[in-house]
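Plus 6 on top of the position in the sequence shown (first one is 1) and you've got the working numbering.
As structure tokens, the structure follows; a few thoughts come after it.
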Amino acid sequence: MSFADTVEGIAARAGLKVVKTNPDFVTCTMGLAGGRTQIVFLHPAGDLAGHPVVNISTVVRELPATPLPSEVADGFLRANQGFKLGSFGILEQGGQRLLVFGHNMILDRLEPDELALVVAVLAKTGDDWEAKLGGGDRF
Numbered sequence: 007m008s009f010a011d012t013v014e015g016i017a018a019r020a021g022l023k024v025v026k027t028n029p030d031f032v033t034c035t036m037g038l039a040g041g042r043t044q045i046v047f048l049h050p051a052g053d054l055a056g057h058p059v060v061n062i063s064t065v066v067r068e069l070p071a072t073p074l075p076s077e078v079a080d081g082f083l084r085a086n087q088g089f090k091l092g093s094f095g096i097l098e099q100g101g102q103r104l105l106v107f108g109h110n111m112i113l114d115r116l117e118p119d120e121l122a123l124v125v126a127v128l129a130k131t132g133d134d135w136e137a138k139l140g141g142g143d144r145f
């Protein structure tokens, strides 16, 4: 069974609708208050002691090609200390630098209610920060 098939099965039991874009990549679009949406991505992130790890993340904002000023980068790292679930990171993909908010979990131990909670928290937090940073409702 592929990674995407496994995630799709857990998501279905959690009441989440996902789209498999390839055998290793799944998306889930969450509807939020005020008609906003947030796309959450799920993809493999290696393994831990032989157990597959899933990275669950959402894009908050596209970043400029130039390095972030140190005070801005430090601010995001300090904000991470206040989160009970998830953290900011930078993803470079397809020539873009993206500020993401994500969390890793052990896939073969992931319960449907845990997946639903993590996806909901990441979507809400990512969307809140997207709005706070003036990003509209792009992601």
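Idealized CB from N, CA, C, for every residue including glycine.
Just the Cα atoms here: how many angstroms apart are residue 63 and residue 44?
-> Straight-line spacing of the CA atoms in residue 63 and residue 44 works out to 10 Å.
Sequence-distant residues of the same chain with beta carbon closer than 6 Å to residue 82, five excluded per side = Excluding sequence positions up to five before and after residue 82, its CB lies within less than 6 Å of the CB of 94, all in the same chain and listed in chain order.
Quick one: what does DSSP say residue 89 is sitting in, helix, strand or coil?
-> In this structure, residue 89 counts as coil in the three-state DSSP scheme.
Given 8 Å as the limit, is there contact between the segment 7-26 and the segment 110-119, that is, 3 or more CB pairs closer than that?
-> Contact holds: three or more Cβ-Cβ distances are below 8 Å.
For residue 96 versus residue 69, is the C-beta distance shorter than 8 Å?
-> In this structure, residue 69 lies closer than 8 Å to residue 96 by Cβ.
Nearest-angstrom Cβ-Cβ length linking residue 32 and residue 10, presumed shorter than 8 Å = The beta-carbon separation of residue 32 and residue 10, rounded to 5 Å, stays under the 8 Å limit for a contact.
Between which two residues does the beta strand (DSSP E) containing residue 50 stretch?
-> For residue 50, the uninterrupted beta strand (DSSP E) run begins and ends at 43-54, by DSSP.
If you drop the 5 nearest sequence neighbours on each side, which residues of the same chain put their C-beta closer than 6 Å to that of residue 50?
-> Cβ within range, chain order: 9, 30.
Under the rule that 16 or more other beta-carbon atoms within 10 Å means buried, what is residue 132, buried or exposed?
-> Counting C-beta atoms within 10 angstroms of its own C-beta, residue 132 has 16 or more neighbours from the protein chains shown and is therefore classed as buried.
Check whether residue 67 and residue 136 have beta carbons under 8 Å apart | Yes.
So is residue 105 in contact with chain C if we call contact Cβ pairs under 8 Å?
-> Among the chains of the structure shown, chain C does not appear; only one protein chain is present.
For residue 68, which of helix, strand or coil comes out of DSSP?
-> In this structure, residue 68 counts as strand in the three-state DSSP scheme.
For the alpha helix (DSSP H) holding residue 124, just list the boundary residues, first then last.
-> That run of the alpha helix (DSSP H) goes 118-138.
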